[in-house]
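**Q** Residue numbers (full-length UniProt numbering): 1 to 155.
Think of the CB as a built atom: it goes at the ideal place given N, C-alpha and C, for glycine as much as any other residue.
This structure is a prediction, so every number in the text was calculated from the model and none was measured.
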Amino acid sequence: MESMSKGDFILEKNPTFSIVENLNISIGDISDLTKVSPRQLRYWEEKGYIHPQKCSHESKQRKYSLYTLIKVFHVKQFLDEGFTLKVAVQKAEEKKQKRMAIGSFFKERAEVEVITLADQSYQIDFGLSDDGEYQVLGIVNQTGVSLKVLPRQEN
DNA sequence: CTTCTTACA
DNA sequence: TGTAAGGA
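Printed below as a string of structure tokens:
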């Protein structure tokens, strides 16, 4: 974030500005946040498991994206669980694919409604099942999350 | 002070 | 993988 200055507070004026896509995380931050040493991060890069952000111009300084931070985080978790680096990376990537699937699901269902039932309790309306027979709801509260499938309501 | 590469244990 | 060296 060293390149940010007061003149860069463009969020108010640029509604389309993406914080995620403009993050440039240093190897030191990735290391501090994930407890993976800079030595390991450079080694993983050498093995082709992670890639620094393509900085348009100069600077031999490695900068990483939020996605890479998350990937490193998961690889580290699997590594701590005893998997080899190779397998840990595989599992981390599978996890990413699943997150992408979830992302696609909601992106294609922009109409999902989230309503507040009570403090800290919400109901997510997934709409009707494909056969139109049922209404699918997701419930989120302090207890956790659950699904509720109701016969279609004829209002 | 942080990061980089190279090299050695 | 950690660490030292030497420069950026």
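For the stretch 50 to 122, list the beta strand (DSSP E) runs that are entirely contained and at least 3 residues long, ordered along the chain.
**A** Taking only runs of at least 3 residues, the beta strand (DSSP E) segments lying wholly in the stretch 50 to 122 are 113 to 118.
**Q** Does residue 62 pass the burial test, meaning 16 or more other C-beta atoms within 10 Å, or should it be called exposed?
**A** For this step, residue 62 is matched to residue 62 along the first sequence. By the neighbour-count rule (16 or more Cβ atoms within 10 Å), residue 62 is buried.
**Q** Measuring straight from C-alpha to C-alpha, what distance separates residue 91 and residue 141?
**A** Numbered from its first residue, the first sequence carries residue 91 at position 91. Numbered from its first residue, the first sequence carries residue 141 at position 141. Roughly 29 Å between the two C-alpha positions.
**Q** From residue 105 to residue 98, what does the alpha carbon distance come to, in whole angstroms?
**A** Here residue 105 refers to the residue found at position 105 of the first sequence. Here residue 98 refers to the residue found at position 98 of the first sequence. Those two C-alpha atoms are separated by around 11 Å.
**Q** Residue 145 and residue 136: beta carbons closer than 8 Å?
**A** In the first sequence, the residue the question calls residue 145 occupies position 145. In the first sequence, the residue the question calls residue 136 occupies position 136. No; because the gap between Cβ atoms is not below 8 Å, this pair is not in contact.
**Q** Could you compute how far the alpha carbon of residue 38 sits from the alpha carbon of residue 20?
**A** Taking the first sequence and counting its residues from 1, one reaches residue 38 at position 38. Taking the first sequence and counting its residues from 1, one reaches residue 20 at position 20. About 22 Å.
**Q** State the DSSP-derived secondary structure class of residue 3, mapped to helix, strand or coil.
**A** Your numbering for residue 3 matches position 3 in the first sequence. Bear in mind that a pLDDT of 46 at residue 3, under 50, signals an unreliable position, so the model cannot answer this.
**Q** Just reading off the alpha helix (DSSP H) that residue 38 is part of, what are its end residues?
**A** Here residue 38 refers to the residue found at position 38 of the first sequence. Looking at the DSSP string, the run of the alpha helix (DSSP H) that includes residue 38 is 38 to 46.
**Q** Here's a check: name, in chain order, each residue in its chain whose Cβ is nearer than 8 Å to the Cβ of residue 31, leaving out the five neighbours to either side.
**A** Numbered from 1 along the first sequence, position 31 holds the residue referred to as residue 31. Closer than 8 Å at Cβ, skipping near neighbours: 37, 38 and 41.
**Q** Keeping to the same chain, check which residues put their C-beta closer than 7 Å to that of residue 35; ignore five residues upstream and five downstream.
**A** Position 35 of the first sequence, counting from 1, holds the residue named residue 35. Around residue 35: 76.
**Q** Alpha carbon to alpha carbon, how far is residue 48 from residue 27? Give it in angstroms, no decimals.
**A** Taking the first residue of the first sequence as 1, we reach residue 27 at position 27. Taking the first residue of the first sequence as 1, we reach residue 48 at position 48. If I take the Cα positions, the gap works out to 16 Å.
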